[in-house]
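Undergrad: Before I ask anything, here is the structure I am working with.
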Amino acid sequence: MESKKDDDVDEGTTQQTEPRSAHVDQTNAAAGDLLSGLCDDVLVHILGLTGHARDAVCTGVLSLRWRGLWRRAPALRFASRRWFKHGWSTHGFIAFVDDTLALHAVRSGDGGVLEELVICLGMCNDACRRNQQLVPPSIGAAERWIMYAARHGVKSFHFELYLPGNDDDEENEETRTIALDGLSTSAKLEAMYLDLDDAWVRLPATVVFASLADLTLESIKVSGDNVLLLARLVSSACCPSLRKLSMCFITLSQQQNLLLEASVLTDLSLDVMDGMRSLELKTPSLRVLRIEDCEHLQSLAASAPKLKKLHIKNCELLESLMASAPILEKLSCMKNRLLIIDRHFPSVSRLKLDLYSHGYAYDDDSNYGSIKLLKRYSSASCLSIDLHASMVCTWFTPSDPNN
């Protein structure tokens, strides 16, 4: 049986919270309710610390003093896993989030602006994971909640989506596309984390996030013109304040060249970027660059005059590294071919490489890049080498004492 909507709990949703009087304070204290005697700002702060939005909403049953206060809480967190523990449905969870956000938006002009919004929508039991009918409402909810965060001035938005499984890629693109091309510009959003469970995404062409400084994108697929829009989304044109960017489990349709231009970006992490054939960076402020498990990456070109740490691992097709990084101090290069190293990094003092023994290497060029780097940076003060060697087993047969 579905639970009642939580606005039933908040009977005073259309009422303004009245300033508390000295008489109310004395009455609460006399009754032993010292918590209700605290000022509104303290109570609102406490409500913002609750682990689940339902807990904050349910405080409305405590007393008239608490009714409506949750709508001024600076943070709301929704987790479907906890919801499902009570036996409630996915549709019920989506409806609860929608209703709660709608009620909170009523107070957005009266001190109720959300600073933090966290939503985790997952399929937490076998029945849900197999139920393809849950895909459309989940996709629709994802679109609404992402739009809400941009439209209502949320400062920090964290969203995780887990959809029922489906191995039909062609059907996935038709039914599992999240349309964000109408996303609103936001001047207040500062941090955003999106994990969309390999859904296809249509991205906006003109949106601007003037204050966004920290962006994480995980498990999304883009195709066609959306690849260019992805590059724009993480560029200075869209995010002029972006300083930290992480992209993980991103699928680019076919083989794509990716150009990232970000003037104030200082930390960039790329992990499992399927379909990224070449990467060009124009990042004058970049200090840390990590690239791992990009199996299609063949060339990397970077203009990064402030780069101090470069880590490249498990990019086995990477053959060309062209980087302008005059103050690079730490270079880690593991499981990459690197047949062409165009530039010298004069400041490298810490070097981490790997070498393969005969019979273990996956081809004749496996050690070429590492040996070239060893020769070039022989004066490095700190050297770390991972040696991959074939296992040699020698069997000894005990002699017969009777012979």
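Residue numbers (the UniProt record's numbering): 1 to 403. Even glycine gets a Cβ: it sits at the ideal position worked out from N, Cα and C. From a predicted model like this one, the values you see are computed outputs, not experimental measurements.
Which residue from V272, A304, L297 and R151 puts its Cα closest to that of A262?
TA: Taking the Cα of A262 as reference, the smallest distance to any Cα among V272, A304, L297 and R151 is reached at A304.
Undergrad: On the DSSP letters alone, give me the boundaries of the beta strand (DSSP E) that L387 sits inside.
TA: Its beta strand (DSSP E) spans residues C382 to H388.
Undergrad: Spell out the partners DSSP gives T251 in its beta bridges.
TA: K221 and D274
Undergrad: Measuring alpha carbon to alpha carbon, tell me which residue in S357, Y368, L387 and S347 is nearest Y377.
TA: Among S357, Y368, L387 and S347, the Cα nearest to that of Y377 is on S347.
Undergrad: Give the C-beta separation of L212 and C239 to the nearest angstrom, bearing in mind that I take them to be a contact with Cβ-Cβ under 8 angstroms.
TA: Indeed they touch by this definition, with Cβ atoms about 5 angstroms apart.
Undergrad: Which residue or residues does DSSP assign as beta-bridge partners of C333?
TA: Answer is I312.
Undergrad: In whole angstroms, what is the alpha-carbon distance linking L205 and A237?
TA: The identity of residue 205 in the sequence shown is Ala, whereas the question assumes Leu. One C-alpha to the other measures close to 11 angstroms.
Undergrad: Hey, how far is the Cα of T175 from the Cα of S253?
TA: 17 angstroms
Undergrad: Would you check if the distance between the CB atom of E143 and the CB atom of I94 is smaller than 7 angstroms?
TA: Between E143 and I94, the CB-CB gap reaches or exceeds 7 angstroms.
Undergrad: Which of helix, strand or coil does DSSP assign to E190?
TA: coil
Undergrad: Can you give me the Cβ contacts of E173 inside the same chain, cut-off strictly under 8 angstroms, excluding the 5 residues immediately before and after it?
TA: W200, K221 and S223
Undergrad: According to DSSP, which residues form a beta bridge with Y356?
TA: H388
Undergrad: In three-state terms, what does DSSP make of H104?
TA: helix
Undergrad: Consult DSSP for V226 and reduce its assignment to one of helix, strand or coil.
TA: Checking the sequence shown, residue 226 turns out to be Asn, not Val. N226: helix per DSSP, three-state reduction.
Undergrad: Write down the C-beta distance between A302 and S332 rounded to the nearest angstrom, noting that I regard them as a contact closer than 8 angstroms.
TA: With a Cβ gap of about 15 angstroms, A302 and S332 do not count as contacting.
Undergrad: With DSSP run on the structure shown, which of helix, strand or coil describes K244?
TA: strand
Undergrad: Can you say whether V106 is buried or exposed, counting buried as having 16 or more other CB atoms within 10 angstroms of its CB?
TA: exposed
Undergrad: Count the other C-beta atoms from every protein chain shown that fall within 10 angstroms of the C-beta of S366, then say buried if there are 16 or more, exposed otherwise.
TA: buried
Undergrad: Taking DSSP's pairing of strands, which residues face Q256 in a bridge?
TA: Partner(s): M276.
Undergrad: Ignore the nearest five residues each way along the sequence and tell me which others in L101's own chain have a CB closer than 7 angstroms to its CB.
TA: Y148
Undergrad: Work out the CA separation of K375 and H311 for me, nearest whole Å.
TA: 19 angstroms
Undergrad: Can you tell me the Cβ-Cβ gap for L351 and L318, rounded? I've got them flagged as a contact below 8 angstroms.
TA: In fact, because the Cβ distance is near 17 angstroms, the residues do not count as touching under 8 angstroms.
Undergrad: Within 10 Å of its beta-carbon, does D195 have 16 or more other beta-carbons around it, so buried, or fewer, so exposed?
TA: buried
Undergrad: Drop a sphere of 10 angstroms on the beta-carbon of D6, count the other beta-carbons inside from all chains shown, and report buried for 16 or more, exposed for fewer.
TA: Residue confidence for D6 is low, a pLDDT of 39 falling below 50, so the modelled location carries little weight and cannot support an answer.
Undergrad: Considering just the uninterrupted stretch of the alpha helix (DSSP H) at E143, what are its terminal residues?
TA: Segment V135 to R151, the alpha helix (DSSP H) holding E143.
Undergrad: Give the straight-line distance between the Cα atoms of A22 and A141, rounded to the nearest whole angstrom.
TA: For A22, the predicted model reports a pLDDT of 39, less than 50, meaning its position is unreliable; a value from the coordinates is still stated below. Taking the straight line joining both Cα atoms gives about 44 angstroms.
Undergrad: What does E116 pair with, by DSSP beta-bridge criteria?
TA: A75 and S156
Undergrad: Considering only the beta carbon of each residue, do L189 and F209 sit closer than 7 angstroms?
TA: yes
Undergrad: So for A231, helix, strand or coil by DSSP?
TA: helix
Undergrad: Mind reading off the beta-carbon distance from L233 to L203? Whole number of angstroms is fine, and I expect it under 8 angstroms.
TA: 6 angstroms
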